[in-house]
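Just add 50 to wherever you are in the sequence shown, counting from 1, and you've got this note's numbering. What follows is a set of notes on a single structure, which appears directly below.
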Amino acid sequence: MPLPKATGKSKKVNKLLLEKFRDAIIPVNDIQTGEIDAILVADKNTTNIFTENAADKIYRVLIEKMHEGAVTVSTDGIILYCNAAFAAMVKQPLQKIAGSRFNRFIGVASRQHFDDLCMNSGQHPAGEQFFLQTTKTCRLPVLISINAIPAGTAMVKSIILTDISLQIQQQEALQQKTDLLEQNNRRLDNANKNLISFSHVSSHDLQEPLRKIQNFISRLVLDEAGHLSENGRRYLDGIASTAMRMKLLIEDLLDYAQAGHIERKFEKTSLASMVNEVEKDLTEKLIAKMGSIDTGHLGSANIIPFQFRQLLLNLIGNSLKFSSTDRKLHIKISSRNIKMRSEFTPAPKLKSIYCHIIYIDNGIGF
Numbered sequence: 051m052p053l054p055k056a057t058g059k060s061k062k063v064n065k066l067l068l069e070k071f072r073d074a075i076i077p078v079n080d081i082q083t084g085e086i087d088a089i090l091v092a093d094k095n096t097t098n099i100f101t102e103n104a105a106d107k108i109y110r111v112l113i114e115k116m117h118e119g120a121v122t123v124s125t126d127g128i129i130l131y132c133n134a135a136f137a138a139m140v141k142q143p144l145q146k147i148a149g150s151r152f153n154r155f156i157g158v159a160s161r162q163h164f165d166d167l168c169m170n171s172g173q174h175p176a177g178e179q180f181f182l183q184t185t186k187t188c189r190l191p192v193l194i195s196i197n198a199i200p201a202g203t204a205m206v207k208s209i210i211l212t213d214i215s216l217q218i219q220q221q222e223a224l225q226q227k228t229d230l231l232e233q234n235n236r237r238l239d240n241a242n243k244n245l246i247s248f249s250h251v252s253s254h255d256l257q258e259p260l261r262k263i264q265n266f267i268s269r270l271v272l273d274e275a276g277h278l279s280e281n282g283r284r285y286l287d288g289i290a291s292t293a294m295r296m297k298l299l300i301e302d303l304l305d306y307a308q309a310g311h312i313e314r315k316f317e318k319t320s321l322a323s324m325v326n327e328v329e330k331d332l333t334e335k336l337i338a339k340m341g342s343i344d345t346g347h348l349g350s351a352n353i354i355p356f357q358f359r360q361l362l363l364n365l366i367g368n369s370l371k372f373s374s375t376d377r378k379l380h381i382k383i384s385s386r387n388i389k390m391r392s393e394f395t396p397a398p399k400l401k402s403i404y405c406h407i408i409y410i411d412n413g414i415g416f
């Protein structure tokens, strides 16, 4: 029975099927002869690589799973292969990348330098930071590592690209914090200089009227001593003592303002005399609270007098502030020398001697 004659439409379909069959036969023959070692099948959502060699398949799967971009280029810079990570970096589908020149993804200003780096990578591996031109307006900072590897009788370039945009952002944030810290340090330094200048001016302005007060006291003692009553002489002695303490306070204020710029000087000082000075300054408040200070046993210690005096003022001031209303305020201050090991001790077996100060009051507590 004769076959029906083919129509024009069926001839066109047969021709198209024949062309597809030939296209399918060619890669199969090439795989059998070793000309093709893998086939890449890609659509809009997925990319699959099929290879004959099992070990090579593991390697290619590893390359595809990498977060870094991986590209293989020929000696003249044509892209032979790239993984999905690189396609994501340059924001283009894989189909459009293969067969194009790699350096078109490098910024124009750095393109020549990149080509020179590729040429020199045949002798030893090369790596530098570049910007990938992902779009006309967007650039991605990457670290590019180039290695020359043999591929049969030819040599190809293996390029690994690492996205370093996060590291650069962190470096910029760290630099901003460093700059801000330097600005604050400069402001603090200027504030300290202004404080020292102000302290000098204020202290000199305060010292002048204080000197006049002390001169008037001296004249009263010399000229009017015979006319003063016992209470008058006691009041005058109190004024003279207070004026002297004020003079010492002004000098200490100057030293304190310069504390950050000069060496701190520790002096061996009688703790009892320090407590007595502070007690005189707070006499009126102690009388109002019906308070008393028992110094007990107080020795000497190496201290910075001004700062230790401020410490005592704060401690006794807090005791006065938080005293109980149903009993008289009583403060007891004592000291004793003790031996303790310290990180500052020259040898582990030696012990340093410290002055241990005990401060007790009968206030309301915490």
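The beta carbon of each residue, even a glycine, is placed where N, CA and C say it ideally should be.
Q.
I'd like to know whether the C-beta atoms of Ser208 and Thr125 end up nearer to each other than 8 Å.
A. Their beta carbons are not under 8 Å apart, which means Ser208 does not touch Thr125 by this criterion.
Q: Spell out the partners DSSP gives Arg28 in its beta bridges.
A: Nothing in the structure corresponds to residue 28, since the chain is present only between 51 and 416.
Q) What are the residues that DSSP puts in a beta bridge with Ile353? A) Looking at the DSSP assignment, Ile353 forms a beta bridge with Glu317.
Q.
Can you look up Arg154 in the DSSP assignment and give me helix, strand or coil?
A. Shown here, Arg154 sits in a helix according to DSSP, grouped into three states.
Q) In whole angstroms, what separates the C-alpha of Ile353 from that of Val251? A) It is roughly 27 Å from the alpha-carbon of Ile353 to the alpha-carbon of Val251.
Q) What are the boundary residues of the beta strand (DSSP E) that includes Gln142? A) Premise fails: Gln142 is in no beta strand (DSSP E) and is neither H nor E.
**Q.** Element boundaries [alpha helix (DSSP H), containing Lys186]
**A.** Looking at the DSSP string, Lys186 is not in any alpha helix (DSSP H), and its letter there is neither H nor E.
Q.
Taking 8 Å as the cut-off, does the segment 317 to 325 touch the segment 279 to 293 (at least 3 CB pairs, one atom from each stretch)?
A. Look at the beta carbons and you see the segment 279 to 293 not touching the segment 317 to 325: under three pairs across the two are nearer than 8 Å.
(Q) Considering just the uninterrupted stretch of the alpha helix (DSSP H) at Lys335, what are its terminal residues? (A) Counting along the chain, the alpha helix (DSSP H) containing Lys335 begins and ends at Thr333 to Ala338.
Q) Quick one: what does DSSP say Phe26 is sitting in, helix, strand or coil? A) Absent from the model: residue 26. The displayed extent of the chain is 51 to 416, so no value can be given.
(Q) If you follow the beta strand (DSSP E) that Ser208 is in, where does it begin and where does it stop? (A) Looking at the DSSP string, the run of the beta strand (DSSP E) that includes Ser208 is Ala204 to Asp213.
Q) Considering only the beta carbon of each residue, do Gly119 and Phe152 sit closer than 8 Å? A) No; because the gap between Cβ atoms is not below 8 Å, this pair is not in contact.
**Q.** Close-in-space but distant-in-sequence residues of the same chain around Asp165 (CB under 8 Å, 5 per side omitted)
**A.** Answer for Asp165: Gly127 and Asn153, listed in chain order.
Q: Can you give me the Cβ contacts of Arg161 inside the same chain, cut-off strictly under 7 Å, excluding the 5 residues immediately before and after it?
A: If we look at Arg161 and ignore the five residues flanking it on each side, its Cβ neighbours are Asn153.
Q. Would Met139 be called buried (16 or more neighbouring beta carbons within 10 Å of its own) or exposed?
A. Looking at its Cβ environment, which holds 16 or more other Cβ atoms inside 10 Å, Met139 is buried.
Q.
Suppose contacts are defined by Cβ-Cβ distances below 8 Å. Is Tyr409 in contact with Ile388 by that definition?
A. Not a contact, by the Cβ cut-off of 8 Å.
Q: Look at the alpha carbon of Gln219 and the alpha carbon of Ile194, and state the distance between them as a whole number of angstroms.
A: Distance between the alpha carbons of Gln219 and Ile194: 18 Å.
Q: Could you round the C-beta distance between Met324 and Arg359 to whole angstroms and report it? I think they count as a contact, below 8 Å.
A: The pair is a contact, with the Cβ atoms about 6 Å apart (cut-off 8 Å).
Q. What do you get for Gly149, buried or exposed, if any count of 16 or more other CB atoms within 10 angstroms of its CB means buried?
A. Counting the other CB atoms within 10 Å of its CB gives Gly149 a total below 16, which places it among the exposed residues.
Q: With DSSP collapsed to three states, give me the class of Glu280.
A: DSSP places Glu280 in the helix class (H, G or I) of the three-state scheme.
Q) Excluding five sequence neighbours on each side, which residues of the same chain lie with their C-beta closer than 7 Å to the C-beta of Ile289? A) When the five nearest sequence neighbours on each side are left out, the beta carbons in the same chain lying within less than 7 Å of the beta carbon of Ile289 are those of Ile267, in order along the chain.
Q) Using a Cβ-Cβ cut-off of 8 Å (strictly less than) and excluding sequence neighbours within five positions of Ile156, which residues of its own chain qualify? A) Contacts found: Phe164, Phe180, Phe181, Leu182 and Gln183.
Q: Output the boundary residues of the beta strand (DSSP E) element that contains Ile460.
A: The structure shown has nothing for residue 460, since the chain only spans 51 to 416.
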